[in-house]
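Beneath this line is the structure, given in structure tokens, with notes to follow.
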Amino acid sequence: MCRCRCKFGQLGPSKGQFSSPHGFCLGLEEEIIVADTNNHRIQVFDKSGEFKYTFGVAGKEEGQLWYPRKVAVIKSSGKYVICDRGNERSRMQIFTKGGHFIKKIAIRYIDIVAGLAITAENKIVAVDSVSPTVFVISEAGELLLWFDCSEYMREPSDIAISGREYYICDFKGHCVIVFNDEGHFIRKIGCDGMTNFPNGIDISDAGDVLVGDSHGNRFHVVVFSRDGLLLSEFECPYVKVSRCCGLKITSEGYVVTLAKNNHHVLVLNTLYIV
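When we follow the UniProt record's numbering, the leftmost residue of the sequence shown carries the number 1, and every step to the right adds one.
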């Protein structure tokens, strides 16, 4: 069982409102950074849901945002990596912490970015859900490595990185597949009946793997050890969550998720200790 610490957002175009937000991340100070997809903007909040600022001009030109789906932060600089549609299926752009456009990275080889994460070495890792593939890209935009994971998974939906391991949710395979940073399969975590339609993943500082889903319109989290041993699970029965997108753990051990179809962000006190 988990308690809802705060819930914020509703359908609309005003500040603090959302329209089908597809992704979020935590910033350097653990602010909640939301890709407000159908409003073509990024919104930034503190952990209690207080609005801080927003940026983004709707459009397909460089520096504009067109249905932004995923956002990640480069820890060393605070820069934002944002994946939107642009003129192609997928586009990647880098902005300053204040929301000023820096550059576009061409990713014509990616169909739909389902997961976006940054390694400790500031490499950008993007996962394509249409043809399950992982792409590792430098901040300068160079494609460093890619590997096909379709042999092991059906539809990637989120990614978390811990050390040299990539943990990828398989939405239709009801599990998490772990690869090393060279693309070699390591192990599978979870199964049908335990991690149904997983759509969010994060790894605590202690190495616990938290996997979230909203199957049945309720938010459900399963906690595993890094090796895949089931440690605990909990759900939030009192808050309707339709299509959660992403999961992040704060330094206090709160779990943050995004309910795309309900147009709000949830911060949950799971009594889970990091």
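Using N, Cα and C, we set each Cβ at its ideal position, and we do this for glycine too.
Judged by their CB atoms, S162 and I203 are nearer to each other than the 7 Å cut-off. H264 sits in a strand when the DSSP states are folded into three classes. Ranked by Cα distance from F197, the options K188, H184, S214, D205 are led by S214. From the listed residues L247, L11, T54, the smallest Cα separation to H100 is found for T54. Pairing C245 with K260 gives a Cβ-Cβ distance under 7 Å. Contact annotation: the segment 224–239 does not touch the segment 17–28, with fewer than three C-beta pairs closer than 8 Å. Sequence-distant Cβ neighbours of G190 in its own chain, meaning closer than 8 Å and more than five residues away, are H174, C175, V176, P198, V211, V222, F224, G228. N39 counts as buried, since no fewer than 16 other beta carbons sit within 10 angstroms of its beta carbon.
Comparing alpha-carbon positions, the option among D192, I42, I32 lying closest to E50 turns out to be I32.
Per DSSP, the beta-bridge partners of C6 are V267. In the displayed model, N39 falls within a helix according to three-state DSSP. For G115, the beta-bridge partners assigned by DSSP are V127. Setting aside the 5 residues that flank it on each side, E30 is surrounded in the same chain by K47, T250, S251, each with a C-beta closer than 7 Å to its C-beta; the list follows chain order. Distance from the CA of S129 to the CA of A72, rounded to the nearest whole angstrom, comes to 17 Å. Distance from the Cα of K75 is smallest, within the candidate group L144, S138, I118, G141, for I118.
For G56, the three-state secondary structure derived from DSSP is coil. Annotation: the continuous beta strand (DSSP E) that includes A72 extends over 70–73.
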